[in-house]
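Just so you know, the sequences run in chain order H and P.
At the far end of the first sequence sits residue 541, using the numbering used here, and the numbering has no gaps.
At the far end of the second sequence sits residue 703, using the numbering used here, and the numbering has no gaps.
Here is the structure we will look at, set down as structure tokens.
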Amino acid sequence: DQQVKQNSPSLSVQEGRISILNCDYTNSMFDYFLWYKKYPAEGPTFLISISSIKDKNEDGRFTVFLNKSAKHLSLHIVPSQPGDSAVYFCAASPNTGTASKLTFGTGTRLQVTL
Amino acid sequence: DVKVTQSSRYLVKRTGEKVFLECVQDMDHENMFWYRQDPGLGLRLIYFSYDVKMKEKGDIPEGYSVSREKKERFSLILESASTNQTSMYLCASTLHAGNTIYFGEGSWLTVV
Chain H
428 DQQVKQNSPS LSVQEGRISI LNCDYTNSMF DYFLWYKKYP AEGPTFLISI
478 SSIKDKNEDG RFTVFLNKSA KHLSLHIVPS QPGDSAVYFC AASPNTGTAS
528 KLTFGTGTRL QVTL
Chain P
592 DVKVTQSSRY LVKRTGEKVF LECVQDMDHE NMFWYRQDPG LGLRLIYFSY
642 DVKMKEKGDI PEGYSVSREK KERFSLILES ASTNQTSMYL CASTLHAGNT
692 IYFGEGSWLT VV
């Protein structure tokens, strides 16, 4: 049972354009969401997060949007750069208990072309 | 900067061998995690620990055990490695619940 879904395994975008990566979740207990970026042979690195009390969070070229009623979040990268080519994972947490248990999506491979 | 170090980056082990994957973090984080990453499956949680000598099963604990004798070190143990445990293993840590999780660089394990 995949509680966090990234339905697009890959995405190709031209440099300078907007990249939109999507993520859907099913567990209504999730209230904290994160995006991670992963290059080959490296561990994921934190990119941006959003709490369920917000519907938008922005950090430079990266913006995450959260639609709680639709259980959907998206990551926008504007403008896209070749160095953004990586696998992007969304993750969700119920943010309860003594440890953070993140549930990850399956990832979307973004390729930014020249 | 937070540093999560996985001492072995690439390992090749034989079926039935006992395998230890070591992870050390230098930021006095309370919580530590072991994930595995497989194509098309994303990152799946194997075990996590929220304190020394404390551990909890994640989503796929079968075939694995863990040890946390010191706060900074969290070990993943494959008691008898099998070919379906060939994967990339990622260690992670976080200070408190709700904080950003930091990952190590990963350990590629091949079981032949």
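By construction, the Cβ of each residue, glycine as well, lies at the ideal position given by its N, Cα and C atoms.
Owing to the predicted nature of the structure, the values given are computational and were not obtained by experimental measurement.
Inter-residue spacing [alpha-carbon to alpha-carbon] between residue i and residue j
i: Ser640/P; j: Val610/P; result: 19 Å
i: Leu544/H; j: His620/P; result: This structure cannot speak to residue 544/H, because chain H is shown only from 428 to 541.
i: Ala672/P; j: Met618/P; result: 31 Å
i: Ser599/P; j: Thr674/P; result: 18 Å
i: Leu541/H; j: Glu442/H; result: 5 Å
i: Trp707/P; j: Ala468/H; result: Past the edges of chain P, shown from 592 to 703, lies residue 707/P, and the structure says nothing about it.
i: Gln430/H; j: Val643/P; result: 29 Å
i: His687/P; j: Met623/P; result: 10 Å
i: Leu602/P; j: Lys662/P; result: 25 Å
i: Gln676/P; j: Glu608/P; result: 12 Å
i: Arg635/P; j: Val702/P; result: 19 Å
i: Arg605/P; j: Leu700/P; result: 11 Å
i: Glu704/P; j: Glu670/P; result: The requested residue 704/P does not occur in the structure, where chain P is confined to residues 592 to 703.
i: Gly633/P; j: Ser479/H; result: 23 Å
i: Ser656/P; j: Gln597/P; result: 17 Å
i: Lys528/H; j: Ser437/H; result: 26 Å
7 Å Cβ cutoff met for residue i and residue j
i: Ser512/H; j: Leu474/H; result: no
i: Gln616/P; j: Val595/P; result: yes
i: Gly510/H; j: Lys432/H; result: no
i: Ser501/H; j: Ile447/H; result: yes
i: Tyr638/P; j: Gly631/P; result: no
i: Ser678/P; j: Leu612/P; result: no
i: Phe457/H; j: Pro521/H; result: yes
i: Ser507/H; j: Val539/H; result: yes
8 Å contact criterion, which residue i and residue j should meet: CB distance rounded
i: Trp462/H; j: Val491/H; result: 6 Å
i: Arg488/H; j: Ile504/H; result: 6 Å
i: Ser435/H; j: Thr535/H; result: 5 Å
i: Lys483/H; j: Tyr452/H; result: About 17 Å; that fails the 8 Å criterion.
Cβ-heavy atom distance, residue i to the ligand SAH, below 6 Å
i: Ser478/H; result: With respect to the ligand SAH, the structure offers nothing, as it holds no ligand at all.
Evaluate contact between the segment 665 to 673 of chain P and the segment 505 to 521 of chain H, counting only Cβ atoms and requiring at least three cross-stretch pairs below 8 Å.
no
What are the residues of the segment 465 to 491 of chain H that lie near chain P, defined by any Cβ-Cβ distance shorter than 9 Å?
Lys465, Ala468, Glu469, Gly470, Pro471, Thr472, Phe473, Ser476 and Ser478
Flag this pair as touching only if the segment 672 to 683 of chain P and the segment 694 to 703 of chain P have three or more C-beta atom pairs under 8 Å; answer yes or no.
yes
Selection of the segment 627 to 639 of chain P by Cβ proximity to chain H, strictly under 7 Å
Gly631, Leu632, Gly633, Leu634, Leu636 and Phe639
Under 9 Å (Cβ pairs) to chain H, residues found in the segment 671 to 694 of chain P:
Met679, Leu681, Cys682, Ala683, Thr685, His687, Ala688, Gly689, Asn690, Thr691, Ile692, Tyr693 and Phe694
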